[in-house]
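FYI, the numbering for the sequence shown is 10 to 339, going by this note's numbering.
C-beta: ideal position from N, C-alpha, C; glycine also.
As structure tokens, the structure follows; a few thoughts come after it.
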Amino acid sequence: MKRMSALLFLPLLIGLAPDPIGIAPDPIDIKEWKVPFGGHPRDPFVDQQGRVWFVGQQGHYIAYLEPKSGEFKKYDLEPGAGPHNLVVDRDGTPWYTGNRRGYIAKVNPTSGEITRYPMPDTTARDPHTLVFDQNGDMWFTAQQSNFVGHIVRKTGQSHLIKVPTARARPYGIILDSKGKVWFNEFGTNKLGMVDPATMKLEEIVQPRPATRGRRIEVTPDDRIWYVDYATGHLGAYDQATKQFKEWPMPSGVQSRPYAMAVDDKGRIWAVESGVQPNKFVGFDPKTEQFFSVTDIPSGGGTVRHMFFNKPTREIWFGTDAGTIGRAKIP
Numbered sequence: 010m011k012r013m014s015a016l017l018f019l020p021l022l023i024g025l026a027p028d029p030i031g032i033a034p035d036p037i038d039i040k041e042w043k044v045p046f047g048g049h050p051r052d053p054f055v056d057q058q059g060r061v062w063f064v065g066q067q068g069h070y071i072a073y074l075e076p077k078s079g080e081f082k083k084y085d086l087e088p089g090a091g092p093h094n095l096v097v098d099r100d101g102t103p104w105y106t107g108n109r110r111g112y113i114a115k116v117n118p119t120s121g122e123i124t125r126y127p128m129p130d131t132t133a134r135d136p137h138t139l140v141f142d143q144n145g146d147m148w149f150t151a152q153q154s155n156f157v158g159h160i161v162r163k164t165g166q167s168h169l170i171k172v173p174t175a176r177a178r179p180y181g182i183i184l185d186s187k188g189k190v191w192f193n194e195f196g197t198n199k200l201g202m203v204d205p206a207t208m209k210l211e212e213i214v215q216p217r218p219a220t221r222g223r224r225i226e227v228t229p230d231d232r233i234w235y236v237d238y239a240t241g242h243l244g245a246y247d248q249a250t251k252q253f254k255e256w257p258m259p260s261g262v263q264s265r266p267y268a269m270a271v272d273d274k275g276r277i278w279a280v281e282s283g284v285q286p287n288k289f290v291g292f293d294p295k296t297e298q299f300f301s302v303t304d305i306p307s308g309g310g311t312v313r314h315m316f317f318n319k320p321t322r323e324i325w326f327g328t329d330a331g332t333i334g335r336a337k338i339p
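The following block contains the structure:
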């Protein structure tokens, strides 16, 4: 097992925030483990035992890493499953989206037995990203099919909501403190929101027509944060004032910000995937400043999704360079 370790040195309110000037690199510690199975490892999630589960999107498997030993264990899926995203429920069971087969599934981590839950509508062919709600059930996006859905964890029963805008491409998904479901519409300049009490979907137009939000997060004040992949911005939507504010990413328009996470101090972390090596960037909403920039040791290729593990204060990610990475957050 090869293990790589490195510590790198290397507003629009709308109105426009100033370009970030004089950003101190202030790098953080990043370690990466080379995945022996290849297959495009991505979307890690830490379980109650500290194991880091992830999917192999092109290798059609799920697996976990034991960070202390560096050992991996792999569970093969059916050919062509195309697993895209994974979460672990409070019982320790990993769930994944069978993106190319039109189902959501769970895996018994002891026996490896797989239970599949097909979509209730065959046109919802590509479940994409999962997130837990306050009941421990899951919400998900289906990008090309243009649905947002809900799945009951104990039964696997699912419910679909069609996004009104054609080719909206629902992508990243998150829940706020009130249980409202927020998602990016990557095909247009909109955020989507579902009220779980009514199952009604609302779309909120972002100020710049060129905006293409890919991932989404929420801070403790219930502001909704997104990365604009198309033009290199970090943005926030204030639910109370219904105002947007945006900041240019440190690498500018070519930054292609993609994966993002919020830590336990309410700070935003995002990866600039349009520059090589990819850059792991920290932003503090209190100061409205980017305060940390770290090159990803393997280069990254592209980092697509991240998970913040509060007990250890670490952010986990997968790379197109074939690694699972861990960022220690100060």
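Beyond the five residues adjoining it in sequence on each side, Asp204 comes within less than 7 Å, by CB distance, of Lys189 in the same chain, given in chain order. Where Asp329 is concerned, there is no enclosing beta strand (DSSP E), because DSSP gives it neither an H nor an E. Unbroken beta strand (DSSP E) runs of no fewer than 3 residues, entirely contained in the stretch 32 to 109, are found at 38 to 43, 50 to 55, 61 to 65, 70 to 75, 80 to 85, 92 to 97 and 103 to 107, following chain order.
Here the alpha carbon of Ile71 sits roughly 21 Å from the alpha carbon of Lys163. Non-local C-beta neighbours of Met269 in its own chain, meaning closer than 6 Å and more than five positions away in sequence, comprise Arg224, Glu226, Val236 and Ala279, ordered along the chain.
When the five nearest sequence neighbours on each side are left out, the beta carbons in the same chain lying within less than 8 Å of the beta carbon of Arg176 are those of Asn155, Gly196 and Thr197, in order along the chain. Between Val44 and Ile333, the C-beta spacing is below 8 Å. Counting other Cβ atoms within 10 Å of its Cβ, Asp56 reaches 16 or more and is therefore classed as buried. Nearest neighbour of Tyr267 by Cα position, chosen from Asp273, Lys274, Met258 and Trp191, turns out to be Met258.
The residue among Gln143, Gly121, Lys295 and Asn318 with its C-alpha nearest the C-alpha of Ala206 is Gln143. Taking the Cα of Val284 as reference, the smallest distance to any Cα among Asn193, Val140, Gly309 and Lys295 is reached at Gly309. Arg178 and Gln215 have their C-alpha atoms some 15 Å from each other. Contact between Gly181 and Ile170 does not hold, since their C-beta atoms are separated by about 16 Å, which reaches or exceeds 8 Å.
Ser264 and Pro88 have their C-alpha atoms spaced approximately 34 Å apart.
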